[in-house]
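S.K.: Okay, here's the structure, questions in a sec.
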Amino acid sequence: MSLEAPEPSTHTDVGVTETGLDYDVLESLLGELVIDRETHHNAEAFVVRPDRVADALSVLREEAGFDHCSCVTAQQYEDRYESIYHLKKYDDPTQEVGVVVPTSIHEPKSQSGSGVYRTADWHEREAYDLVGIEYDDHPDLRRILLPETWQGHPLSQNYDQERQQVVPLTEHANPLEEDHRGGTDTMFINIGPHHPATHGVLHLKTTLNGEQVADVESDIGYLHRCEEQICQQGTYRHQIMPYPDRWDYISAGLLNEWAYARAAEDLADIDVPEYAQIIRTMSAELCRIASHLLALGTFAIDVYGDFSAIFMYAFRDREVVQNILEDLTGQRMMFNYFRLGGVAWDLPEPREKFFEKTRDFLDELPTRLEEYHNLVSGNEVLQLRCVDTGILEPEVAKQYGCTGPVARGSGVDYDLRRDDPYGYYDRLDWDVVTEDGCDNYSRVLVRLREVEESAKIIDQCVNLLEEWPEDDRTIQSNVPRTLKPDPDTEIYRAVEGAKGELGIYIRSDGTDTPARFKIRSPCFSNLQALPEMAEGEYVPDLVAALGSLDIVLGEVDR
Amino acid sequence: MIGLLKGMATTMKHALDGSTFTVEYPDDPPEVSPRFRGVHKFSQERCIWCRQCENVCPNDTIQIVMDEQRNGEQYNLHIGQCIYCRLCEEVCPVDAILLTQNFEFTADTKDEFAYNKEQLKNVPWYKDIDPLASREPDRGAWIGDGEGEVDYQ
Amino acid sequence: MSIADTLGSALGLGSLGPLEDFLLSLVGAAFVGTFVLLNTAVAGPWAKRKITAAFTDRVAVNRVGPFGLLIIIADAVRMLSKELIIPDGADRPAFDLAPLVLVASALLGFAVVPMGNGIQLADPEVGLAFLFAVASIASIALVMAGYASNNKYSMLGGLRAVAQNVAYEIPLVVTAMSVVLFTGTLQTSQIVGAQAETLITIAGVSIPSWYAFVNPFAFVLFIVANMAEVGRNPFDVPEAPTEIVAGYQTEYSSVYFVLMYLGEFIHIFLGGAILATVFLGGPAGPVLPGFVWFTIKIWAFFLFTQWARSALPRVRIDQLIEIGWKGLLELSFVNLLLTAIIVGVIV
């Protein structure tokens, strides 16, 4: 061993061949760490002993270049517990690999991966909370979604749903107690769960040093609605689709539906007609515009104060989008428009009117965006406030698994629509927007510019749809009414949601409902990076950073 | 400074042009798209009691009670619990249940939202428009060509 | 001419005895107070909503009475009938006094403001100094409110308020001093009087020598400092709803909240009144009576604060302090120096 600094790793292409990843090479890289191999629908997975998890992960990260831990899924089988680390590369997310860690049913203990991937911290806490796997040398293994006083782990198999959760008053901390965490000169303050700037029921336990943030810890779970469990009880064919709308409920519904549709279609091998793909692409991008506009509006409220001019302008434009979506899907927010194998409805008749309405919106959009640039990005006071505050370095962003506009605002060029193409995106002409500022300002700017790109996509889709031959307008392929994928197939598939990589893990057990349905929420991972951005900054910058993360608590807590 | 002034000019322009985006709702009921999914309407005459809607409903909103001869006795639907996904309408082979565009419903207690079949039958059309015709295009996939007029009363 | 004399001559009384003088002054004070409160009553529940709505393409209060004006009464009833909640551990006398001090300090300021048509309660020789003195009592009220509420957000708000007031009071006064250099007096009526002369005549229209025209640089400085002084955007950090909930007034409810709210609005109007007196010729103006012009001017300042709110983001507390101490203070002293040179050498 030399004492010189190790050379920068050049092995990021281990096992990369022209036809895809060669998993045998990866396996030999891991050597004796691998005790078995599993084939998941999306990638091969290596089974690793529970006490060698960190070793395996760090080999894959350092030597094979898997720098993106997109999700940690935990589940219980009849005979064992299992955690799956879904790894990817930021450069090419189609190169995936899974790390499966089985643990015994009696003593579910496995080594933590949070030392290798910071994002695993929260994911493992969630696994502990809901499934009950304990992670050794995890820095902070507490419940994350459920209250600390909760008894049992709801997604484990012996959980008694009938049992009442009784929490005596003594379990609660006294809110009036003196509290000087981290020294006597600091002040502990609860920002949220009822606070004008937390965009919902987020609770930030903040320690202030003067007005500066010494420490901030997010307390989430106030909006936990058991979405995963709901989906596990619904049938693939019909009953799951209405619920993705309710994860990221601020008008990103179709993007979420696509996440489920993509995973389930790949799992059950369902084709989607091209015509339906174009409709999907168009409507999903409409959703993205609506979602980004809302993000912009709420960010403006956070920074501008209670005067809501920009918020209202953004809402007005979003209203137009929602009207279009209402015409198309029948609902303004809870669309339930996608079906496995297509969409529920063709474009509304008369089609010309629909095209005209969409075109009118697109024609109007540049003027509107000009206005937003005048009001927001061109404003010197806003630049004073937001440039160089809430810094999130690209390497840190990758460590925390940040995706979407948050990552792209840090210069991480990662967009699943281009990197892992689905729908009709790869045949359209558009660009991925990145900004290198890494600050609050860049993240907002990325969203504003993405609206333009989405408009470009919609425009092309409208053109395509307009000229599509009338006899080839198949909106749904033939899908059996009861869908029973083969037993024990597993898949992890992600799409680019409004906030980033929205992934779905499904394991089927041969019935018409999933055995495990896991949602990889982009907001969950993005929110985890908040302390990196906010510590040392002032309270207003904490609020601005939170606003620029654009989290939706419905998706964080699921 | 230029940016500040531009911003102020923009808001002032909005203030002076006098245009508003507000829908003055109760005085001026909004246009609702034909596909909009509102409160259900149910037709006992058309229903064949196949229970498909009950089966497909994602959150057990529909409850059907039948006697031993499989004749329908009750059809209950909790419109306050419903998530308006329209799956019941989608699977119904005979158009017996249809989501109207009516989004106006109020009650003093949640219980009053548990509609029985009579109440479901009496749900009014929004602005007296039966949206079925404009929704027609996609229905062939499920029901084929319908026979005659659809009568909900 | 004091308001007692004005009233006396209006009533046809001759020379006034001390008792008559006292009584008529009381009547005058009641009139001025009512006038100010009437303005805030219109501004708070009604005008502010209407203005906000205009800026945001909405329709605001339009259901109660003509133009929704009766919302003023409806809101008053609503606010006053709410339960007054005093938080546990609040410092009682201070908590109760703060809203009163806030309102009283702002109202007191109007005593020396000449409102035209002989309406001026008192005209002391140190009028301008008195005006600034009472206006800055408000910051004590804010600290009292913040400190006594036993709430961390209130505390932050109170501390922010005092930091801001200290930082912006000095540039405000120093800028006003540059006007005093011109007039050579602190008496408000004489400052107004000095602005009555004609500056220049362009195409038959004579432009009065309002100090806004004489020294526009000082005017802009004064507006900025004044906005910070009354705590409006972009300087509304003591309240900062999205950061520290509502700052010093987080814990105030019911009548106390009304008083706090009222106090803030009176303060905006007082800021407008100071601006009008010092820079805009007080009640002077063509055609319309002076009192009407005075009202127009204070409303114009109110409208301007609302306009600024619509488009300017709130600055951060440290940036605010920096702008105050490192920017405005220097500029105001430069302004004072230049004015002194100009006045001493040229005039």
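Chains as they are written, first to last, in my numbering: chain A, 2 to 559; chain B, 1411 to 1563; chain C, 238 to 584.
Ideal Cβ placement from N, Cα and C applies to all residues, glycine included.
The structure presented is a predicted model; accordingly, all values stated were derived computationally and were not measured.
Which residue from C:304, C:293, C:528 and C:252 puts its Cα closest to that of residue 1428 of chain B?
M.R.: Nearest of C:304, C:293, C:528 and C:252 to residue 1428 of chain B, Cα basis: C:293.
S.K.: Do we get a CB-CB distance below 8 Å when we pair residue 469 of chain A with the residues of chain B?
M.R.: For residue 469 of chain A, the answer is no, since every Cβ of chain B falls outside 8 Å of its Cβ.
S.K.: So residue 421 of chain A and residue 95 of chain A are supposed to be a Cβ contact under 8 Å. How far apart are they, rounded?
M.R.: About 5 Å separates the two Cβ atoms, so the contact holds.
S.K.: Once you ignore the five residues that flank residue 384 of chain C on each side, which residues in its own chain have a CB closer than 6 Å to its CB?
M.R.: Excluding residues within five positions, the ones whose Cβ falls inside 6 Å are 395.
S.K.: What did DSSP end up calling residue 1416 of chain B once you bin it into helix, strand or coil?
M.R.: The answer is helix: DSSP assigns residue 1416 of chain B an H, G or I state.
S.K.: Can you name the start and end residues of the alpha helix (DSSP H) that residue 124 of chain A belongs to?
M.R.: Per DSSP, residue 124 of chain A belongs to the alpha helix (DSSP H) from 121-131.
S.K.: Considering Cα atoms alone, identify which of A:298, A:340 and A:233 is closest to residue 259 of chain A.
M.R.: Answer by Cα proximity: A:340.
S.K.: Quick one: grab the DSSP three-state call for residue 322 of chain C.
M.R.: If DSSP states are grouped into helix, strand and coil, residue 322 of chain C belongs with coil.
S.K.: Are the CB atoms of residue 237 of chain A and residue 481 of chain A nearer to each other than 8 Å?
M.R.: Result no, Cβ atoms of residue 237 of chain A and residue 481 of chain A do not sit closer than 8 Å.
S.K.: State the Cα-Cα distance for the pair residue 7 of chain A and residue 109 of chain A, rounded to the nearest angstrom.
M.R.: A caution first: residue 7 of chain A carries a pLDDT of 45, below 50, which makes its placement in the model unreliable, though a value can still be read off. Computed Cα separation, rounded: 36 Å.
S.K.: If distances are taken between C-alpha atoms only, which option among A:130, A:439 and A:506 comes closest to residue 268 of chain A?
M.R.: Comparing Cα positions, the closest option is A:506.
S.K.: Tell me which same chain residues have a C-beta within less than 6 Å of the C-beta of residue 517 of chain A, skipping the five on either side of it?
M.R.: Around residue 517 of chain A: 76 and 508.
S.K.: Should residue 256 of chain C be labelled buried (16 or more other beta-carbon atoms within 10 Å of its own) or exposed?
M.R.: Looking at its Cβ environment, which holds fewer than 16 other Cβ atoms inside 10 Å, residue 256 of chain C is exposed.
S.K.: Is DSSP giving residue 454 of chain C helix, strand or coil here?
M.R.: Reduced to three states, the DSSP call for residue 454 of chain C is helix.
S.K.: Within 10 angstroms of the Cβ of residue 440 of chain C, are there 16 or more other Cβ atoms? Answer buried if so, exposed if not.
M.R.: That one is exposed.
S.K.: Within 8 Å of any Cβ in chain A, is that where the Cβ of residue 1416 of chain B sits?
M.R.: Yes, residue 1416 of chain B counts as interfacial toward chain A.
S.K.: Could you say which of B:1530, B:1534, B:1480 and B:1447 lies nearest to residue 1500 of chain B if we only look at CA atoms?
M.R.: Residue 1500 of chain B has its Cα closest to that of B:1447, out of B:1530, B:1534, B:1480 and B:1447.
S.K.: Taking only three categories from DSSP, how would you classify residue 1476 of chain B?
M.R.: Looking at residue 1476 of chain B - three-state DSSP - the assignment turns out to be strand.
S.K.: Under 8 Å between C-beta atoms, does residue 1461 of chain B make it to chain A?
M.R.: Chain A contact via Cβ: absent.
S.K.: When we look at the beta-carbon of residue 83 of chain A and count the other beta-carbons within 10 Å, is it buried (16 or more) or exposed?
M.R.: Answer is buried; the Cβ neighbour count reaches 16.
S.K.: Does the Cβ-Cβ distance between residue 550 of chain C and residue 382 of chain A come in under 8 Å?
M.R.: Their beta carbons are under 8 Å apart, which means residue 550 of chain C touches residue 382 of chain A by this criterion.
S.K.: For residue 279 of chain A and residue 462 of chain A, which I take to be in contact (beta-carbon distance under 8 Å), what is that distance rounded to the nearest angstrom?
M.R.: With a Cβ gap of about 5 Å, residue 279 of chain A and residue 462 of chain A count as contacting.
S.K.: Comparing C-alpha positions only, which one of C:528, C:462, C:522 and C:567 sits nearest to residue 369 of chain C?
M.R.: For the residues C:528, C:462, C:522 and C:567, the minimum Cα distance to residue 369 of chain C belongs to C:462.
S.K.: Given this structure, state the Cα-to-Cα distance separating residue 265 of chain C from residue 530 of chain C, to the nearest angstrom.
M.R.: If I take the Cα positions, the gap works out to 19 Å.
S.K.: Measuring only between beta-carbons, confirm whether residue 1 of chain A sits less than 8 Å from chain B.
M.R.: Only positions 2 to 559 of chain A appear in this structure, which leaves residue 1 of chain A out of reach.
S.K.: CB residue 555 of chain A to CB residue 248 of chain A, shorter than 8 Å?
M.R.: For residue 555 of chain A and residue 248 of chain A, yes; Cβs fall inside 8 Å.
S.K.: Just to confirm my understanding: we take residue 335 of chain A, look at its own chain, exclude 5 residues before and 5 after, and list those with CB closer than 8 Å. What are they?
M.R.: Here the set comprises 243, 246, 247, 250 and 254.
S.K.: Give the list of continuous alpha helix (DSSP H) stretches no shorter than 4 residues that lie fully inside the region 413-473 of chain A.
M.R.: Qualifying alpha helix (DSSP H) stretches, in chain order: 417-420 and 441-468.
S.K.: Count the CB pairs spanning the region 438-447 of chain A and the region 273-289 of chain A that are closer than 8 Å, and state whether there are at least three.
M.R.: No: fewer than three Cβ pairs fall under 8 Å.
S.K.: Does the region 369-377 of chain A touch the region 301-317 of chain A, meaning 3 or more C-beta pairs lie closer than 8 Å?
M.R.: Contact holds: three or more Cβ-Cβ distances are below 8 Å.
S.K.: Between residue 341 of chain A and chain B, is there a C-beta pair that is closer than 8 Å?
M.R.: Not an interface residue.
S.K.: Alpha carbons only, please: which of C:359, C:431, C:347 and C:291 is nearest the one belonging to residue 258 of chain C?
M.R.: When each option's Cα is compared against that of residue 258 of chain C, the closest is C:359.
S.K.: May I ask you to list, following chain order, the residues of the region 533-565 of chain C that have a beta carbon less than 8 Å from some beta carbon of chain B?
M.R.: If the cut-off is 8 Å between Cβ atoms, the region 533-565 of chain C has 544, 545, 547, 548 and 549 near chain B.
S.K.: If you run the structure through DSSP and keep just helix, strand and coil, what is residue 369 of chain A?
M.R.: It is helical.
S.K.: Using a beta-carbon distance below 8 Å, is residue 422 of chain C in contact with chain A?
M.R.: No, because no Cβ of chain A sits closer than 8 Å to the Cβ of residue 422 of chain C.
S.K.: For the region 1428-1444 of chain B, which residues have a CB atom closer than 9 Å to at least one CB atom of chain C, in sequence order?
M.R.: Cβ contacts with chain C come from 1428, 1429, 1430, 1431, 1432 and 1434.
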